[in-house]
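Accompanying notes for the structure given below.
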Amino acid sequence: MLKRCVMVAGLAFAGLAVAREPVDLDMVSRIRQEAFHNSQVMATLSHLTETIGPRLTNSPQMGEANAWTRAKFEEWGLANVHDDAFADFGRGWEFSAASVEMLGGRVQPLHALPKAWTPGTDGPVEGELVKVDIKTLADIGKYRGTLGGKVLLLGEAREYKRGTEADSHRHDATSLEGLQQFTVPKSAAADRAKRVKEYAERQELTRAVNAFFAEEGALAAISISSWDNGIIRVAGGGSRKAGEPVGIPELAMIAEHFNPLVRALEAGQAVRLRVNVDARFTDEADRPGYNTIAEIPGRGRKAAEIVMIGAHLDSWHTGTGAADNAAGVAVMMEAMRILKAVGARPERTIRVALWSGEEQGLVGSQDYVARRFAAYPEPTDPAQKALPASLREPTGPLRRTPDYERFSVYFNMDNGSGRIRGIYAQENLAAMPIFKAWLEPFHDVGATTVATRNTGSTDHIAFDRVGLPGFQFIQDRLDYFTNVHHTHLDTWDHVEPEDLKQAAAIVASFAYHAAMRDEPMPRKALLERR
Ligand SMILES: [Zn+2]
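Here my numbering = 1-based position in the sequence shown + 12.
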């Protein structure tokens, strides 16, 4: 052992450490053959998006997706296939129809879709449109007694900003070079205090406004889509928790239909709308959510050690959750299928997790990591408890399970369907030469870059936060952040099949090599912040 360390150090000094990380090129060839010439990744993506459809957490379709992915894992011969329950997510919700029509002055159909977890209209309703602008709790008083039987237009018009760049984007040498620069962070403490305050105020305002609109007897509320160009970008409203006020039917409307309504009202014209939203909660009481889990068991003395790959199976409700994130799910499932197909017999156990509740704040992955590996103590102060984990004050030392030491690494994919161009090392410099070696056989398909920087906001953070190595790949953006992210355009048509094949090959190879290397993935120092 000592001898080996000395040798590696010596080579690192000579600048040759990269060459020491072994790569099984025979296995990589077999993985590439299966991934590129015998792919099932689009069959998986098609079923998830076009047969099942959107997969809002705890909706009936999410349940279908859990069952179908389980059946696929069984069919492919994976072990320990099961749904992993995480507690107290809330109620399921679904919608089947939504329409908004302008009945006068002019007549026009208007494009809008409901926010998840808001009630339906219980048949078509008609009413006069009034503009409501509530920015603080004090603003509520101005409207008391005036909103009964009205349709509410929330907020202001937004000036149209013409795009200056192409809609779709792939990395080039310059942009990949740019990713390799690391920005030393400013102190986060002041920023966190500000974010906590804003979060708490926003929660309080939303709750108060939901209750107020319902008390007033307003018919429905319409807000502006957060993107232009006819795109409906909409997430959740109301409340998924049983017993909390869900407010009134609420929809997001395309900017190009919303802005004219604002101008008409400001010009003193009367506008009458008919709104019909067929939406329903599918549970009376809160229910747990479910992650779907499966494994290729390890063999020999490292069998109890764990390598994980994953992506979130849940989605928003207006598209079919294709790029966000059936793409990632199809890739992770395909990587497991490939490893079985090529007869891989890993030493560590390779486990795949298809998370749920990601879109509501990494709920499924965080709960899983807390139960299986490590967690900071739950806060006792109700105000702290109400905050998402990223905003909480420190609660004490990390509590670790025995599996914490048996865990090696987690790889995630959740930036759309664009091909893998490399990986973010999350400031884990010791992992970088390992990744560089593993990427080498994929330089010819565009995956070359290992960046020191962090990338955030999805399920690998649940691992990273407790000091476990969790990584996400650098991907080509395509039109993820211009057209599809959380929009009704997030459909099959925006997915690139060859990119998914490439990604599945790389993920399968990374998982295999992580499961076979002598040592688990090196860990960076844990910052005991929470
Ligand atoms: Zn996502």
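All C-beta atoms in this analysis are idealised placements derived from N, C-alpha and C, irrespective of residue type, glycine included.
Supposed close pair residue i, residue j - CB separation, criterion 8 Å
i: A55; j: L263; result: Actually they are not in contact, since the Cβ atoms of A55 and L263 sit about 34 Å apart, beyond 8 Å.
i: V163; j: G139; result: 5 Å
i: T62; j: W504; result: It should be noted that the sequence gives Glu, not Thr, for residue 62. Yes, they are in contact, since the Cβ atoms of E62 and W504 sit about 6 Å apart, within 8 Å.
i: A342; j: L68; result: About 18 Å; that fails the 8 Å criterion.
i: N424; j: G322; result: 6 Å
i: A594; j: E46; result: No statement about residue 594 is possible, as the shown extent of the chain runs from 13 to 542 and does not include it.
i: A233; j: F225; result: 6 Å
i: P253; j: G355; result: Position check: residue 253 holds Lys in this sequence, whereas Pro was assumed. With 8 Å as the limit, K253 and G355 do not qualify as a contact, their Cβ atoms being about 47 Å apart.
For residue i: DSSP bridge partner residues
i: M320; result: R363 and Y422
i: H181; result: L490
i: D290; result: A109
i: V144; result: L166
i: I619; result: Only positions 13 to 542 of the chain appear in this structure, which leaves residue 619 out of reach.
i: P136; result: The partner list for P136 (beta bridge, DSSP) is empty, contrary to what the question assumes.
i: L285; result: M114 and G139
i: F98; result: G301
i: E278; result: In the DSSP output, where bridge partners are listed per residue, E278 has none listed.
i: Q193; result: Q193 is not bridged to any residue.
Nearest neighbour of residue i, chosen from the options [CA to CA]
i: G458; options: R311, Y388, R431 and G65; result: R431
i: Q192; options: H183, K198, A200 and S199; result: H183
i: E439; options: K206, T195, Y211 and M345; result: T195
i: R170; options: V40, M425, V287 and F270; result: F270
i: G255; options: A338, A223 and A247; result: A223
i: P131; options: A205, R82, R292 and I64; result: R292
i: D471; options: Y416, K536 and V375; result: V375
i: L37; options: E452, L490, D491 and M444; result: E452
i: P121; options: R286, A202, S251 and A128; result: R286
i: F385; options: L480, R360 and E370; result: L480
i: A387; options: A401, I236 and D393; result: A401
i: V462; options: V478, V421, G434 and D476; result: G434
i: R44; options: H497, A395 and A347; result: A347
i: E106; options: G242, V289 and N241; result: V289
i: N546; options: R529, Q514, R535 and D530; result: Since the displayed the chain opens at 13 and closes at 542, residue 546 lies outside it and no answer follows.
Sequence-distant residues of its chain with Cβ nearer than 6 Å to residue i (five each side left out)
i: I362; result: I308, V319, A523 and A527
i: A306; result: F85, L90, V93 and V364
i: D511; result: S429, G430 and R431
i: E508; result: S429
i: G104; result: N70, S71, T294 and D295
i: F454; result: I518
i: N78; result: D95, Y302 and T304
i: A537; result: none
i: A24; result: For A24, the pLDDT reaches just 46, beneath the cut-off of 50, and the residue's location in the model is therefore unreliable, although a value from the coordinates is still provided. Cβ within range, chain order: n/a, list empty.
i: S377; result: W367, D471 and A474
Same chain only: Cβ atoms within 8 Å of residue i, ignoring 5 sequence neighbours per side
i: Y551; result: Only positions 13 to 542 of the chain appear in the structure, and residue 551 is not among them; the question remains open.
i: L277; result: L141, V142, K143, L165 and V283
i: P589; result: Nothing about residue 589 can be reported from this structure: the residues present for the chain run from 13 to 542 only.
i: L115; result: E138, R284, L285 and R286
i: R204; result: L403
i: D426; result: A323, H324, D336, N337, G340, E370, T470, D471 and Q484
i: L149; result: E216, L217 and A220
i: T417; result: Inspection of the sequence shows that residue 417 is occupied by Glu rather than by Thr. Result list for E417: empty, nothing under 8 Å.
i: R275; result: A169
i: V18; result: Confidence at V18 is low in this model, with a pLDDT of 38, below 50, so its placement is unreliable and the value that follows should be read with caution. None.
The alpha helix (DSSP H) enclosing residue i, as first and last residue numbers
i: R44; result: L37 to H49
i: Q378; result: V375 to R384
i: K397; result: P394 to K397
i: Q215; result: A201 to E228
i: Q514; result: P509 to M528
i: L451; result: M444 to L451
i: Y155; result: I152 to Y155
i: D476; result: H472 to D476
Span of the beta strand (DSSP E), counted from its first residue to its last, around residue i
i: K173; result: No beta strand (DSSP E) contains K173, which DSSP labels as neither H nor E.
i: R126; result: Before going on, a small fix: residue 126 reads as Pro here, not Arg. That run of the beta strand (DSSP E) goes A124 to P126.
i: L263; result: E262 to M265
i: I236; result: A232 to I236
i: V354; result: Note, V354: premise wrong, no beta strand (DSSP E); not H, not E.
i: A463; result: T461 to A463
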